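In this note's numbering, the protein residues as written are 47 to 341.
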């Protein structure tokens, strides 16, 4: 995930549906469409810093309504719209589309496995099925969440492309269809200290902990071992939560896990330019409930 919604979400006090002054540039107005209605840094610091049962052993609190809630509602609707066709495909494979057949194969194989074996299969197969592509390159927008299959044939398994949250969403859907309870699944938005960018992975409850399924890593990682991640938000099937700020022990730098040959481009120069521009005008923004982000 590059210089889109997450960079704006995590760069300071920002608002959703902002009305910019007339003097704002077109680029500033474009950037405002991907900002959120919360001030994440300040909000996260108000959550008690204590152990919790969520990923990374952190406490969480329900996040205020904003752009992530909007995206959750949209991706949920997209997944539900494609489910009848997926169900028909799994029942009558000769009449599947090629993309649906590939996705159904992963689900059916995962359904025959349990626990860690299931997670490893889904992580490995979906990482191999999608080529990392930024939303800017694929859709010419800063941030777009795509389902694996879509009733408009533009899901990540149909295009064969997606960015980090699209990998996580596809894994979420595959595991849910294979029988993993939705209550045990989270799309996690984090800051990757080892890579210097923002990222999304899937968290899955397993036993007494949480395993991370990452498109950059072929192996599973226990969330409490992933100290190179600063957790920010957890998106479940029904809500969005913010993680508490971590203590010093969670800020320790550790060696990053092995990365596969294909990695997400960081685009640090471009992202930095956009963030600098955002900070220059963020203080001038005012809330307006009439507008919504364009994705």
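Quick reminder that beta carbons are idealized off the backbone N, C-alpha and C, glycines included.
Because the structure is a prediction, the values reported are computed rather than measured.
Alpha carbon to alpha carbon, how far is residue j from residue i? Give it in angstroms, no decimals.
{"i": "residue 159", "j": "residue 169", "result": "13 angstroms"}
{"i": "residue 127", "j": "residue 173", "result": "24 angstroms"}
{"i": "residue 278", "j": "residue 238", "result": "11 angstroms"}
{"i": "residue 171", "j": "residue 106", "result": "31 angstroms"}
{"i": "residue 220", "j": "residue 153", "result": "5 angstroms"}
{"i": "residue 216", "j": "residue 182", "result": "19 angstroms"}
{"i": "residue 143", "j": "residue 255", "result": "37 angstroms"}
{"i": "residue 283", "j": "residue 140", "result": "31 angstroms"}
{"i": "residue 109", "j": "residue 232", "result": "14 angstroms"}
{"i": "residue 149", "j": "residue 258", "result": "20 angstroms"}
{"i": "residue 157", "j": "residue 227", "result": "12 angstroms"}
{"i": "residue 179", "j": "residue 201", "result": "13 angstroms"}
{"i": "residue 204", "j": "residue 123", "result": "18 angstroms"}
{"i": "residue 184", "j": "residue 212", "result": "12 angstroms"}
{"i": "residue 193", "j": "residue 146", "result": "12 angstroms"}
{"i": "residue 281", "j": "residue 151", "result": "26 angstroms"}
{"i": "residue 132", "j": "residue 266", "result": "27 angstroms"}
{"i": "residue 111", "j": "residue 289", "result": "15 angstroms"}
{"i": "residue 276", "j": "residue 260", "result": "15 angstroms"}
{"i": "residue 210", "j": "residue 99", "result": "24 angstroms"}
{"i": "residue 271", "j": "residue 134", "result": "40 angstroms"}
{"i": "residue 218", "j": "residue 187", "result": "23 angstroms"}
{"i": "residue 206", "j": "residue 264", "result": "18 angstroms"}
{"i": "residue 120", "j": "residue 287", "result": "17 angstroms"}
{"i": "residue 114", "j": "residue 236", "result": "14 angstroms"}
{"i": "residue 155", "j": "residue 223", "result": "11 angstroms"}
{"i": "residue 175", "j": "residue 138", "result": "22 angstroms"}
{"i": "residue 165", "j": "residue 136", "result": "20 angstroms"}
{"i": "residue 243", "j": "residue 291", "result": "18 angstroms"}
{"i": "residue 198", "j": "residue 163", "result": "32 angstroms"}
Can you tell me where the alpha helix (DSSP H) holding residue i begins and where it ends?
{"i": "residue 120", "result": "113-137"}
{"i": "residue 148", "result": "144-157"}
Among all the DSSP beta bridges, which residues are the ones paired with residue i?
{"i": "residue 162", "result": "DSSP lists no partner for residue 162."}
{"i": "residue 177", "result": "207"}
Are the CB atoms of residue i and residue j nearer to each other than 9 angstroms?
{"i": "residue 101", "j": "residue 234", "result": "yes"}
{"i": "residue 251", "j": "residue 230", "result": "yes"}
{"i": "residue 208", "j": "residue 177", "result": "yes"}
{"i": "residue 273", "j": "residue 245", "result": "no"}
{"i": "residue 214", "j": "residue 167", "result": "no"}
{"i": "residue 253", "j": "residue 161", "result": "yes"}
{"i": "residue 117", "j": "residue 191", "result": "yes"}
{"i": "residue 269", "j": "residue 103", "result": "yes"}
Start and end of the beta strand (DSSP E) containing residue i?
{"i": "residue 106", "result": "106-108"}
**Study point:** Every unbroken beta strand (DSSP E) inside the region 210-296 [3 residues or more]
**Key:** Complete beta strand (DSSP E) runs here, min 3: 231-238, 243-252, 255-259, 275-281 and 286-289.
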